[in-house]
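Data first, discussion second: the structure below is written as structure tokens.
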Amino acid sequence: MAGALGLSNPHCPPGRTLTVMVRNGGQRISEITRQEIVDRILMQTPADFPGRFGLIPFLKRVWPLSQMPSTDSRFKDAEGDIWQHMVNNDDWTMHDLLVSRLKILGIPDQKFGVFLETLVHPLNIPDRASQEERVEWINKELVNDAFELRKTEEISSRPIYKLSPIGGGELGNAYEVVLSFAGEDRTYVEQVAEILKAHDVALFYDNYEEASLWGKNLVEHLHKVYSGSGRYCVMFISAAYAQKVWPTHERRSAFEKAIESKEEYILPARFDDTEIPGLHKHIGYVDLRRKTPKELAKLIMQKLGHSVDGFESNDPFPKISNDEIPF
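In terms of the numbering used here, the sequence shown opens at residue 43 and continues consecutively.
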């Protein structure tokens with residue numbers, strides 16, 4: 043569950059649950075708009091981008107570079123290979139970095155928003171006139187998709203901008219997958235979450251979202267998530283999962299969506315053979331006794347249609363749950 047009564051602090055008592063929600067790869071900010079913004083950035087001089095932060099610190103505010111795989115065998119992560127080819131050797135262009143390496147034209151809206159917010163942050167662009175000019179030309183492109191960089195607060199009398207839909211509201215939560223599990227199974231599932239994050243999947247993870255969850259009615263919020271927001275619900279089944287209150291609330295909401303949509307939605311993943319009321323016995327499942335977290339993360343990405351480059355797994359297919367398949 044997404045941070046109930048403790049926002050999934052590592053010290054939360056066993057039995058509570060953690061939810062990891064991966065945002066939908068679908069984009070409301072079009073590739074055309076992104077390309078226009080990126081082209082404008084590429085026309086700037088190197089000194090103008092990324093600004094006062096410097097290249098690596100700027101990128102680390104948007105991408106988890108230390109957890110992303112390297113494309114250069116000499117380095118253990120993306121931070122190393124980007125430093126080598128952009129700072130040390132300067133043999134990558136900014137287009138190579140942003141478009142080819144970091145796939146900025148295809149990242150989720152939420153992450154693209156963080157990129158733009160960092161680009162115009164007053165700590166990054168201290169000159170007020172330059173900040174206003176940058177916000178103005180970015181907004182001229184975003185308006186075509188009904189978005190804008192909107193002033194939301196100030197720091198030392200300098201405006202802070204956030205990406206927002208024009209007319210109010212938030213970016214919204216359209217998730218590709220919701221991972222639901224009991225606190226006793228946190229160690230395994232947390233590794234899955236980290237692997238997804240390391241492969242540049244945009245995550246909603248309670249430890250990163252304490253401010254946004256703070257004050258929400260979690261019963262209502264989680265019902266919306268499980269009954270309406272996710273493309274798939276990966277249900278980590280165990281004896282603890284069957285007994286706990288929050289997983290029960292989550293799966294009831296998930297079953298509600300599965301029944302109403304009449305489409306494939308619940309993806310069971312079993313730590314053991316515990317029966318779950320309402321879960322059809324003929325639904326194929328993944329046997330986690332035969333799957334590492336990395337293998338499961340690869341399966342999730344394959345299910346969603348994501349590239350699995352960088353995964354090494356000799357067993358990419360789930361085990362079917364029953365000897366008797368109903369077709």
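C-beta atoms are modelled at their ideal positions from N, C-alpha and C, and glycine is treated no differently.
Test item: CB-CB of Pro111 and Pro164 under 9 Å: no
Separation of Ser115 from Trp179, as counted between CA atoms: 39 Å
Beta-carbon spacing of Glu218, Tyr274 below 9 Å: yes
Distance between Tyr327 and Ser295 (C-alpha atoms, nearest Å): 19 Å
Exposed unless 16 or more other CB atoms sit within 10 angstroms - verdict on Val287: exposed
Three-state class that DSSP yields for Ile308 in the structure shown: strand
Continuous alpha helix (DSSP H) assignments of at least 4 residues falling wholly in the stretch 62-128: 73-85, 97-102, 120-124
Range of the contiguous alpha helix (DSSP H) that encloses Arg192: Note, Arg192: premise wrong, no alpha helix (DSSP H); beta strand (DSSP E) at 189-197.
Start and end residues, beta strand (DSSP E) containing Arg200: 200-207
Under the three-state DSSP convention, the category Tyr274 falls into: strand
Residues near Trp134 by beta carbon distance below 6 Å, same chain, minus five either side: Only His127, Met128 meet the Cβ criterion.
Where Leu221 sits in the DSSP three-state scheme: strand
Beta-carbon separation (whole angstroms), Ala240 vs Gln109, contact threshold 8 Å: 4 Å
is_contact[Ala282, chain B] using C-beta, thresh 9 Å: Note that chain B does not occur in the displayed structure, where there is just one protein chain.
Status (buried if at least 16 other CB within 10 Å, exposed otherwise) for Trp105: Per the 10 Å Cβ criterion, buried.
C-alpha distance - Phe223 paired with Pro289, whole-angstrom precision: 6 Å
Range covered by the alpha helix (DSSP H) that runs through Tyr327: Counting along the chain, Tyr327 falls outside any alpha helix (DSSP H), and DSSP gives it neither H nor E.
DSSP beta-bridge partners of Arg279: According to the sequence displayed, residue 279 carries Ile and not Arg. Ile279 pairs with Arg312.
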